[in-house]
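Number of protein chains: 6
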Amino acid sequence: MKYIEILREGERVNEVYLCKHRQSAVTKNGKAYENLILQDKTGTLDAKIWEPDSQGIDDFERFDYISVTGDVTSFQGALQLNVKRVRKAQPGEYEPGDYLPVSSRDVDEMYGELKDIISSVETPCLKMLLSKFFLEDKEFEKRFKFHSAAKTVHHGFVGGLLEHTLGVTKLCEAFCRQYPMLNRDLLLSAAMFHDIGKLEELSVFPENDYTDDGQLLGHIVMGTEWVGEKIREIPEFPKKLASELKHCILAHHGELEYGSPKKPALMEAVALSFADNVDAKMETLKEAFASIPEGNTEWLGYNRLLESNIRKTSR
Amino acid sequence: MKYIEILREGERVNEVYLCKHRQSAVTKNGKAYENLILQDKTGTLDAKIWEPDSQGIDDFERFDYISVTGDVTSFQGALQLNVKRVRKAQPGEYEPGDYLPVSSRDVDEMYGELKDIISSVETPCLKMLLSKFFLEDKEFEKRFKFHSAAKTVHHGFVGGLLEHTLGVTKLCEAFCRQYPMLNRDLLLSAAMFHDIGKLEELSVFPENDYTDDGQLLGHIVMGTEWVGEKIREIPEFPKKLASELKHCILAHHGELEYGSPKKPALMEAVALSFADNVDAKMETLKEAFASIPEGNTEWLGYNRLLESNIRKTSR
Amino acid sequence: MKYIEILREGERVNEVYLCKHRQSAVTKNGKAYENLILQDKTGTLDAKIWEPDSQGIDDFERFDYISVTGDVTSFQGALQLNVKRVRKAQPGEYEPGDYLPVSSRDVDEMYGELKDIISSVETPCLKMLLSKFFLEDKEFEKRFKFHSAAKTVHHGFVGGLLEHTLGVTKLCEAFCRQYPMLNRDLLLSAAMFHDIGKLEELSVFPENDYTDDGQLLGHIVMGTEWVGEKIREIPEFPKKLASELKHCILAHHGELEYGSPKKPALMEAVALSFADNVDAKMETLKEAFASIPEGNTEWLGYNRLLESNIRKTSR
Amino acid sequence: MKYIEILREGERVNEVYLCKHRQSAVTKNGKAYENLILQDKTGTLDAKIWEPDSQGIDDFERFDYISVTGDVTSFQGALQLNVKRVRKAQPGEYEPGDYLPVSSRDVDEMYGELKDIISSVETPCLKMLLSKFFLEDKEFEKRFKFHSAAKTVHHGFVGGLLEHTLGVTKLCEAFCRQYPMLNRDLLLSAAMFHDIGKLEELSVFPENDYTDDGQLLGHIVMGTEWVGEKIREIPEFPKKLASELKHCILAHHGELEYGSPKKPALMEAVALSFADNVDAKMETLKEAFASIPEGNTEWLGYNRLLESNIRKTSR
Amino acid sequence: MKYIEILREGERVNEVYLCKHRQSAVTKNGKAYENLILQDKTGTLDAKIWEPDSQGIDDFERFDYISVTGDVTSFQGALQLNVKRVRKAQPGEYEPGDYLPVSSRDVDEMYGELKDIISSVETPCLKMLLSKFFLEDKEFEKRFKFHSAAKTVHHGFVGGLLEHTLGVTKLCEAFCRQYPMLNRDLLLSAAMFHDIGKLEELSVFPENDYTDDGQLLGHIVMGTEWVGEKIREIPEFPKKLASELKHCILAHHGELEYGSPKKPALMEAVALSFADNVDAKMETLKEAFASIPEGNTEWLGYNRLLESNIRKTSR
Amino acid sequence: MKYIEILREGERVNEVYLCKHRQSAVTKNGKAYENLILQDKTGTLDAKIWEPDSQGIDDFERFDYISVTGDVTSFQGALQLNVKRVRKAQPGEYEPGDYLPVSSRDVDEMYGELKDIISSVETPCLKMLLSKFFLEDKEFEKRFKFHSAAKTVHHGFVGGLLEHTLGVTKLCEAFCRQYPMLNRDLLLSAAMFHDIGKLEELSVFPENDYTDDGQLLGHIVMGTEWVGEKIREIPEFPKKLASELKHCILAHHGELEYGSPKKPALMEAVALSFADNVDAKMETLKEAFASIPEGNTEWLGYNRLLESNIRKTSR
């Protein structure tokens, strides 16, 4: 397959892409045309259908996989596809996995690591609770492996929710080794549950956008409520432990102004909010620096999450 | 009964009070004594047992109703009771209702008003949900009538939760009359549910203090989760309406930094957050001015909730 | 008359509009043309004179009513008028009331409601003061009925100042019913005066922009000073009441950072600042949702006044 | 006269002081006594009347000048006067000027400097306006010379308002020399008027506390309104200049959150707000360091106005 | 020479300019062209090379002085140069001083004033330290005279660092005259050193942009460290005085959030931070008003440094 | 030795303690007495000398080790020592290590761990720089082992600076394992240097208070400058690496308002600021919970560093 990131000006393209966006428009001269955004897992590409009524331009819709024929041109420094022919592709003509940004790590391997950590949890009721989600519920597992952790910022790719959850959990393990006063089982459980509400907050790929519930309620409250529901199915779950676990999830954004309705009040809640923040910032920088060659120390300008100008370190 | 607010220096007292606080201490000369705080519904009174080992000083504990004999003295401008005899009072010697601050309005009358509003709600599933709490659950009704709405600030008295809930609901009714675009049934339901989480956030009188769950989870999240649970018992409850109702409860503090995990995004959520704020501030001023005689326009100093110096208006 | 909001692509137009904006420009090819913004009470429309030197293009200026002939085209999703002929319209060819955004309510009816409220004020000196502005000064009445309450945000239309003032005053009436401790006469008077400074802060339509004094002094201080001047004409006006009334006006934005030089310190000042805020936010949402069909629950994105993403409630 | 600042433990005192504060109290043993605060221009002194009913203790009230006889003792590191005899002093027994904190500079000399600056103002209408206040109104002059500029912070002494006004005006003169684009007449006039509202905001000595109007309206608005009134008596005063002058007064606190309803928008308003701030901070430090010996570089702890720990500079 | 600020539409130009920016682009039709920004000391000009491959278009690079032939056109209200011929200019064809924005004051005269102030410093070790930088180090003097004080805001021109430093120092002199408690030698030394770190923070003209060290360390810390190094070469320099001087430099931005790691704690540090702020704001306004004719009181919109809408004062 | 933490009411004590504080005072009856605070490594104890002029009360000063004889009493819930005899202790009568709060870990062992990490650094110039401080400079090692990391908050004990530095460095190691993009040598070096400025910011025990330089310059700038000085002794140290290392130190507080003059702009600077924050907060909680028995889940009230009420987790 010819991926978007390797296209060059002047090429003729004949390939299936995912149509992420479609909008009709009119040129200054009053001629109708179509604006498209095409996507595969390596990036996105602007495309124009200058003659939408010509032969060879068939019907299709946003989020269809489409087979396009056209020429790569360059406009104001960016590549653009001048579409000559387009039609909806048939299942079998394409491999869905090629069209979405994906984690650079293998999702099954990562899920395996998560399972290993679950098996190291000793408190029976916590282990039971984790099993209800991560081990016994196959539908949950499937969704959890496929979901992103964000719409646009860090971990906004297939497997992103899993990769971030694993990263946070492993940081928490490191914290437990260094600060033995931490309740390891509570902290690791909270880490694995902290973002499960994102399964409801963001729609699945290829849309990957905020849901109505996501905007109204948010992943913090939805995740807490979900965990609360499952806990009620475990009669022997201690009430105090349940509240502590839910507190850790509620407080994981660390500050009221970041959407946590409570500030971290337990040592584990403090640790979890740090782990979440560290993994988010490290991944943000990793993604920002991904395409910068080693040794390039140019400044990249202002990064909103870091609230600072940033650059790659010399080495 | 001889209420605390009418005691005068020099009186001998022989009465039953609630013991709100008890602590042992030592004078500069090394003599042990006891610090008490006595309470009835009109206020509190410092009391000292200077001779804790003398005859007539029987055993009792914090939150007991105690029969005390002693003399009212004055120390640094405040009254103090010098306790000579004390013993635990027997049920029948006192009327619990005399010992807690209570709403100036009749709780049954207020609850009746709330029921009238419920009967005016037309949307069946909302009416059904309201009934499950306010009409069918007698234990809920009893708790709801007795609870306060706060530990120390406005509405911190028996019936306070009911009085505040009714006040907010009636403001919302007024808003609906003025802004017909508001969904009346949604707004009134949200108003009646907005603070039910306080039943779990604050312990019952006479303690009336934050519970463990109150500190870890807060009334906003607990109330939302509680409403969510009951909604699941009504299969035909529309999912979107459920999320909108829960959003109104979540967002009723209006700002993230006041503990709402979401800002109001619906017209009804905006209206509810204003109604809550208006009723809280009006009651705060009412309580602050309660003991100020008509026509007295002395400044009362800084009020933390209002974030301003305040005074009563001339009239 | 053919209103802007009902124009469709492809139509030929022959109508009088208000010219809100006019600017000369040059195409990429170096050809001069004219950018216009046309306005009537239903909205605005971009227009282009591609041949400014051709016959049929007469002289006119910004804020003139102009008779235009041209074709409606569509450019980048928005309509545009391609002007073929244009000339200044003669008085009699148009009805000024058709060209400005206006309140959906009848201004005389609203003014009548305001007068009714004034007649319910019992304190003689306040009633006298209100009369001096709203009843006796016909020039004031005329300006007050025609003015907007804002340049761009809520109530930015003819009659907007009146509609907002009436809305705030009626909310204050509702507050008085619920909180009898409020001094009704003081609060309602303050409500009716709270924004009269906007008559000086904003220029009249069609300009409706900040005046020099508006920027230098602001409506809060100008309104307070104006009321102060008139009070000096009423010798028996109690000094304390005068200061309380002026305080309510000064403090009606509620917070120093919103331009009030004092925080509300009186119960009536607190109530007024809430009423102003409630009416502003409700109207903002009403205007934002005005063109959204019933049942459409799409998210409208970030609203600056609400500081939140917003959407219409399902119903 | 024996000033408070030179009293030493063990002395017998027989002197007239101003009674700034008086309150009845009761010892732990139940004995009534009186707490006084005595004042002269060098400071204040706690005093106790342990035997308020004894012979020699006559009637007097707060703000009376009282003749006291007593012994200087030391309690917890501070001096205290044990009062044996006290009576109201007769006019003639004391010199009021000895009992209030006063400017270290001669008020007539400072007022002369202010007059010299007024005579250098060239714009006729501004000169006329300044004359109406500072030259022609002898009652104004008398009040202006006697008033303080603050209740507790910098310039809280007799002559303080004049000293601060002169300091600010002279800084503005220096700014004019360095930045010729500044309109000297406007800036110096605004400087001289900027705090005249304090004549109404603070009561006169010895009380020197916020007035009711001071709390409700504040010196910024009252001063602006006062200047506005006088301007209306000068028909030829240009409207734009009037607004600019009033803007400078309104904006002199520099930030909305410091009580200015407008941010400085003119070069002169910016300059005035800096001059006010510089003079306030320099005087605050001067007063804080006044009693610190040369060469002592001990840290004085946190200063609220400077928002920093401070110390005197080594030299 | 034909300066950019006097070019008019329709002119043919044949002149040498500095090429500040160069970028290749493609028209909508797919044709390659070049975007340039040309600069001389009077301003900048957009230029286009529509036929980059035609004869007469020679090689050149960003920051080259280039000889261009072309026609001045107007596009969307701004002038644009349509370049027909271009080549790298030879040294001798141009005078570098004509191509950079420069101080309106003579740099040697300003430097002379600075030297006069140095000669008035009496404390030997401070005088010695000043000499090491400003008198003995000719390379430093040359750089100091040529540097700007900012990338884009106030004093962003050749000589700007010197002009700002002199302005701040003279304000400090005025403060010393008015507040004799200030240590004049310490304050004036700190004023002269306060921005020397900008020599490292910003690259030299024509680039005048943040350096890598500027972004990583900042001029405040670099300047402090530089002064610290030189102080170590003066063995008799008192340690306390050294720390006080360095504190004044560190604290000169006045607030932690403006990048000072310490708040001003000494009277001189407070004075310096004010002088820096006053000079910056006055110069900002001077530059903003530079091209506004006398008497024009149009509002200029929001100014980011002043955080307010601004306008020129009427006169 | 009889440590303070095991003293009980009623005991007679005959022991050497460090005198941390001494102040003369007067009882209400006018009798002079002495307030002392005694200290050993287990805590502090209030002590009173009621008869300072009696035999057996010898001369001594603050920070002396004193041999005291007295009785343990209890006053208002706290123990107090009633001192009968006191004299300065002789060297040999006490072991200084017994009188200061100390790290619970062995300082030599921790220092050994730090050396092991240094030996794992591969970049020669960084290793050389680390050696100059931690390996070659024995005086530095001695001071570094003895110093605290704070006056009052976390790690305020002998060895605290070392324990905190080691904790931060080990967290950074964990971050490097999880995020391989981090430059390990740079990050670990920055971690070990990040707080060395505290050697100058805080005086040594037993005083352990802010120094004059600490208040004027702060540990962030002093540490950066110190590292900069040593780097200049290593000619081959790359300039860019030097700036990156210094940037990490400068930015380690993470936010301008916490005293860092630059926000973290490099991945290592971000990681270091998190590691510092995590270790500080974990230690704060550890110290807060140190004396709370396992299983006690009482709320401890508001913790200023955490900005939340806190409690120990149930287990």
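Chains as they are written, first to last, in the working numbering: chain A, 4 to 318; chain B, 4 to 318; chain C, 4 to 318; chain D, 4 to 318; chain E, 4 to 318; chain F, 4 to 318.
Ideal Cβ positions, reconstructed from N, Cα and C, are used throughout, including at glycine.
Residue i versus residue j: straight-line alpha-carbon distance, rounded
i: G226 of chain D; j: E260 of chain F; result: 36 Å
i: S317 of chain B; j: N280 of chain F; result: 53 Å
i: F78 of chain B; j: D49 of chain B; result: 10 Å
i: K201 of chain A; j: L303 of chain D; result: 52 Å
i: A28 of chain E; j: F292 of chain A; result: 26 Å
i: C22 of chain C; j: E301 of chain E; result: 22 Å
i: G95 of chain A; j: E239 of chain B; result: 40 Å
i: K315 of chain C; j: G298 of chain C; result: 8 Å
i: S294 of chain E; j: P99 of chain D; result: 58 Å
i: G217 of chain E; j: S151 of chain E; result: 14 Å
i: A81 of chain F; j: Y97 of chain F; result: 26 Å
Endpoints, the beta strand (DSSP E) within which residue i is located
i: Y305 of chain A; result: 302-306
i: R235 of chain C; result: Taken as a continuous stretch (DSSP letters only), R235 of chain C belongs to no beta strand (DSSP E), as it is neither H nor E.
i: E260 of chain E; result: Looking at the DSSP string, E260 of chain E is not in any beta strand (DSSP E), and its letter there is neither H nor E.
i: N85 of chain B; result: 81-91
i: Q218 of chain B; result: Q218 of chain B -> not in any beta strand (DSSP E); alpha helix (DSSP H) instead, spanning 215-219.
i: E1 of chain C; result: Residue 1 of chain C lies beyond the residue range present for chain C, which begins at 4 and ends at 318; the question has no answer from this structure.
Continuous alpha helix (DSSP H) stretch holding residue i: start and end
i: S70 of chain E; result: No alpha helix (DSSP H) holds S70 of chain E; the beta strand (DSSP E) holding it covers 68-78.
i: S246 of chain D; result: 242-253
i: G170 of chain A; result: 163-181
i: N322 of chain D; result: An answer regarding residue 322 of chain D cannot be provided, because it is not within the stretch 4 to 318 covered by chain D.
i: N280 of chain E; result: 270-292
Residue environment, residue i, which counts as buried when at least 16 other CB atoms sit within 10 Å
i: Q93 of chain C; result: exposed
i: P267 of chain E; result: buried
i: P264 of chain D; result: buried
i: I7 of chain F; result: buried
i: N211 of chain D; result: buried
i: P241 of chain B; result: exposed
i: T168 of chain D; result: buried
contact_flag[the stretch 113-128 of chain C, the stretch 188-203 of chain C] where n(CB pairs < 8 Å) is 3 or more: yes
At least 3 beta-carbon pairs within less than 8 Å: the stretch 161-177 of chain E vs the stretch 101-109 of chain E: As far as the Cβ criterion goes, the stretch 161-177 of chain E touches the stretch 101-109 of chain E, which means the pair count is three or higher.
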